[in-house]
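Here's the structure we're looking at; comments come further down.
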Amino acid sequence: MKRISVRNAEKVDCEGFTLVEVMLAVAIFAIGILAIASMQIGATNANSSAYRLTERISLAEARIESLLSLPYGHPDLAQGNHQDPRPPAGYVITWNVVDNAPVANSKTLSV
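The sequence shown runs 538 to 648 under the working numbering.
Structure follows, in structure tokens:
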């Protein structure tokens, strides 16, 4: 019978990874992937919100430009609240005109 010393038994095939190490690495990787996925969802929502805001600003600017090109006495520039009769789908464009504010013979527009 052959004896194996304790010193030799410790050196038996110590290369590679244990199952516990692999499972721990996979768990850390999964947590990182979930964090990245969460950030991606947040970025997508922010991008969508920014797109809608840009679209609204563009429509308001277009209405302001069209109102500024009208003559001073045009009915769309009469004092009071006005609404676009043909707004783009999904939008309501309104504006308010105040005469003689803040200076006489001027109009203040709020879109």
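Even for Gly, the Cβ is constructed at its ideal location relative to N, Cα and C.
Small disclaimer: the values here were computed from a predicted structure and weren't measured.
Quiz item: Tell me, which residues are paired with Ile636 by DSSP?
Solution: For the record, residue 636 in the displayed sequence is Asp; it is not Ile. For Asp636, which the question treats as bridged, DSSP gives the partners Lys644.
Self-check item: Nonlocal neighbours in the same chain, by C-beta distance under 7 Å from Asp613, ignoring five residues either side
Solution: Excluding residues up to 5 positions away in sequence, Leu604, Leu607, His619 lie with their Cβ nearer than 7 Å to the Cβ of Asp613 in the same chain.
Quiz item: In terms of alpha-carbon separation, which member of Phe554, Glu602, Asp636 lies closest to Gly610?
Solution: Asp636
Quiz item: To the nearest angstrom, how far is it from the Cα of Pro625 to the Cα of Ile568?
Solution: 44 Å
Quiz item: CB-CB under 7 Å to Glu552, same chain, minus the five flanking residues each way: which ones, in chain order?
Solution: none
Quiz item: Given Ser643, which residues of its chain have a CB within under 6 Å of its CB, disregarding the five upstream and five downstream residues?
Solution: none
Self-check item: Complete beta strand (DSSP E) runs within the segment 542–621 (minimum length 3 residues, chain order)
Solution: Runs found: 617–620.
Quiz item: With a Cβ-Cβ cutoff of 8 Å, do Ala597 and Val648 count as a contact?
Solution: yes
Exercise. Determine, using beta carbons only, whether Ala638 and Thr645 come nearer to each other than 8 Å.
Key: yes
Quiz item: Using the beta-carbon count (16 or more within 10 Å), is Arg623 buried or exposed?
Solution: exposed
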